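Trainee:
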């Protein structure tokens with residue numbers, strides 16, 4: 001089907017699209033938005049519509065799927081907002097205090113783990129953690145690039161083993 005034929009076919013079904021959208025949304029503005037979303041998708045995938053395809057049915061299926069997808073998206077958003085609203089100030093204060101204490105213990109454990117690493121591993125790892133690139137670390141420490149990567153890899157493995165309780 002050519003673009004012109006497709007356009008004529010869509011225009012012929014415009015009124016029925018709006019009335020069908022009203023059945024879903026029960027609101028004229030939302031129905032117009034749904035029709036617009038449907039037509040955008042239909043235009044984007046017009047190449048899939050051929051002479052054997054009933055354009056009206058095809059457009060209605062696109063509309064139904066678009067409405068369902070938007071509905072599910074809105075439900076997820078509303079449930080997320082409700083959950084956030086249910087948290088009281090008292091719960092937030094308790095949570096912040098508990099998180100602060102846990103963070104303090106975790107940081108102490110991380111420092112101990114880093115200090116237990118051999119210096120040959122800890123220096124390249126800390127530089128990498130600070131945001132330096134492998135090549136920059138290799139240049140700074142006068143080491144081959146592959147050696148720096150190996151040291152950082154071994155440091156990660158040892159730290160992972162030492163800090164497995166936080167995994």
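Residue numbers (UniProt numbering): 1 to 167. Quick reminder that beta carbons are idealized off the backbone N, C-alpha and C, glycines included. Being a predicted model, the structure only gives us computed values, none of them experimental.
Residue 161 to residue 144, Cα distance in whole Å?
Mentor: In the chain shown, the residue the question calls residue 161 occupies position 161. In the chain shown, the residue the question calls residue 144 occupies position 144. Spanning the two alpha carbons is a distance of roughly 26 Å.
Trainee: Rounded to a whole number of angstroms, what is the C-alpha to C-alpha distance between residue 46 and residue 7?
Mentor: As a position in the chain shown, residue 46 is number 46, starting the count at 1. As a position in the chain shown, residue 7 is number 7, starting the count at 1. In a straight line, the C-alpha of residue 46 is about 10 Å away from that of residue 7.
Trainee: For residue 157 versus residue 110, is the C-beta spacing smaller than 8 Å?
Mentor: The sequence position of residue 157 within the chain shown is 157, counting from 1. The sequence position of residue 110 within the chain shown is 110, counting from 1. No. Outside cutoff.
Trainee: With a threshold of 16 other CB atoms inside 10 Å of the CB of residue 35, please say whether the residue is buried or exposed.
Mentor: Position 35 of the chain shown holds residue 35. That one is buried.
Trainee: Should residue 48 be labelled buried (16 or more other beta-carbon atoms within 10 Å of its own) or exposed?
Mentor: Residue numbering aside, residue 48 sits at position 48 when the chain shown is read from its first letter. Exposed: under 16 other Cβ atoms inside 10 Å.
Trainee: By how many angstroms is the C-alpha of residue 56 removed from the C-alpha of residue 25?
Mentor: Numbered from its first residue, the chain shown carries residue 25 at position 25. Numbered from its first residue, the chain shown carries residue 56 at position 56. One C-alpha to the other measures close to 19 Å.
Trainee: What does the alpha-carbon distance come out to for the pair residue 82 and residue 70?
Mentor: On the chain shown, position 82 is the one that residue 82 refers to. On the chain shown, position 70 is the one that residue 70 refers to. Residue placement at residue 82 cannot be trusted, given a pLDDT of 49 that sits under 50; what the coordinates show is reported in the next sentence. Rounded to whole angstroms, residue 82 to residue 70 spans 18 Å at the Cα level.
Trainee: Apart from the five residues just before and just after residue 125, which ones in its own chain have a Cβ nearer than 6 Å to its Cβ?
Mentor: Residue mapping note: residue 125 aligns to position 125 of the chain shown, counting from 1. Contacts found: 152, 155.
Trainee: Given residue 121, which residues of its chain have a CB within under 8 Å of its CB, disregarding the five upstream and five downstream residues?
Mentor: Walking along the chain shown from the start, residue 121 turns up at place 121. Around residue 121: 151, 152, 154, 155, 158.
Trainee: For residue 60, which of helix, strand or coil comes out of DSSP?
Mentor: Here residue 60 corresponds to residue number 60 of the chain shown, with the count starting at 1. Correct three-state label for residue 60: helix.
Trainee: Using a threshold of 8 Å, state whether the C-beta atoms of residue 63 and residue 38 are closer than that.
Mentor: Translated into the one-based positions of the chain shown, residue 63 becomes position 63. Translated into the one-based positions of the chain shown, residue 38 becomes position 38. In this structure, residue 38 lies closer than 8 Å to residue 63 by Cβ.
Trainee: What's the call for residue 16, buried or exposed, on a 16-neighbour Cβ count within 10 Å?
Mentor: To locate residue 16, count along the chain shown from 1; it is residue 16. Exposed, because fewer than 16 other Cβ atoms sit within 10 Å of the Cβ of residue 16.
Trainee: From residue 73 to residue 20, what does the alpha carbon distance come to, in whole angstroms?
Mentor: Working through the chain shown from its first residue, we reach residue 73 at position 73. Working through the chain shown from its first residue, we reach residue 20 at position 20. Going from the Cα of residue 73 to the Cα of residue 20 covers about 21 Å.
Trainee: To the nearest angstrom, how far is it from the Cα of residue 134 to the Cα of residue 123?
Mentor: As a first step, residue 134 must be located in the chain shown, where it is residue number 134. As a first step, residue 123 must be located in the chain shown, where it is residue number 123. Cα to Cα, the separation comes out at about 12 Å.
Trainee: Tell me where the alpha helix (DSSP H) around residue 130 begins and ends.
Mentor: To locate residue 130, count along the chain shown from 1; it is residue 130. Per DSSP, residue 130 belongs to no alpha helix (DSSP H) and is neither H nor E.
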